[in-house]
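In the numbering used here, the protein residues as written are 3 to 181. Only one structure is covered here, and it is reproduced in the block below.
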Amino acid sequence: MKLVSKEQENHLLKITRLVSVYRSLEIAQLGRLFPELGEEKLKMLLGRLEKSGRLAVDTEKGMVHYTKEGTYNQAVIAAFWVLLDFYPEITYHTVSEYPVALTFYTDKDIFDVIYVPFEKEVVLNHALRVYGEGSPHRLVIVEHPEQISRIHFPGITAYCIVLPDGKIQYFRKQGEKES
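Next up, the structure:
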């Protein structure tokens, strides 16, 4: 059995903690979060975690799950890509409860990331209409730009679309892409 360095053990613990909190993440997301590892070292560490039974890796789908029964949660996966877009300014982040997918903090602000599935705008408008003073900024992920005109809850800082490669397109005003 090969011994791991203190640095590798630290990465193993961080990866395990992240996946335990978010339940499932894309391998590409972990690669973006830990660029210092490189693809080969990340795969090696994920292999160790899988072999020890700490995580389940689905290389075919490019996913890491906390358990073998792990499922793909589109809202959390998309919200995590938005979170990554704010690194390294993030000081804290965690998964949240529906309808908020996750919450993160920077030195200056708090953000709730909300995923709005197509044709669920009315339901989320009702669920999110309460907004108190001092509440987090809301970043709203939509599947299609035409959804933006149907979303009417307070506190929205920006709308965005998460592309399959993890890139984010932001929109500020109804239908206008931010430059």
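Even glycine gets a Cβ: it sits at the ideal position worked out from N, Cα and C. Here the structure is a predicted model, which means the values were calculated and not measured.
The straight-line gap separating the alpha-carbon atoms of residue 47 and residue 66 is approximately 12 Å. The residue from 92, 114 and 26 with its alpha-carbon nearest to that of residue 100 is 114. Distance from the CA atom of residue 96 to the CA atom of residue 157, rounded to whole angstroms, is 20 Å.
Spanning the alpha carbons of residue 86 and residue 35 requires a straight line of approximately 7 Å.
For residue 160, the closest of 71, 52, 118 and 129 by C-alpha to C-alpha distance is 118.
Under the rule that a run must span 3 or more residues, the beta strand (DSSP E) segments found entirely inside the segment 102 to 133 read 102 to 108 and 112 to 118. Looking at the backbone, the Cα of residue 72 and that of residue 98 are separated by about 18 Å. Between residue 116 and residue 78, the beta carbon gap of about 12 Å keeps them out of contact (Cβ cut-off 8 Å).
Residue pairing for residue 96: DSSP places it in a beta bridge opposite 105.
Residue environment analysis places residue 106 among the buried positions, since at least 16 neighbouring C-beta atoms fall within 10 angstroms of its C-beta.
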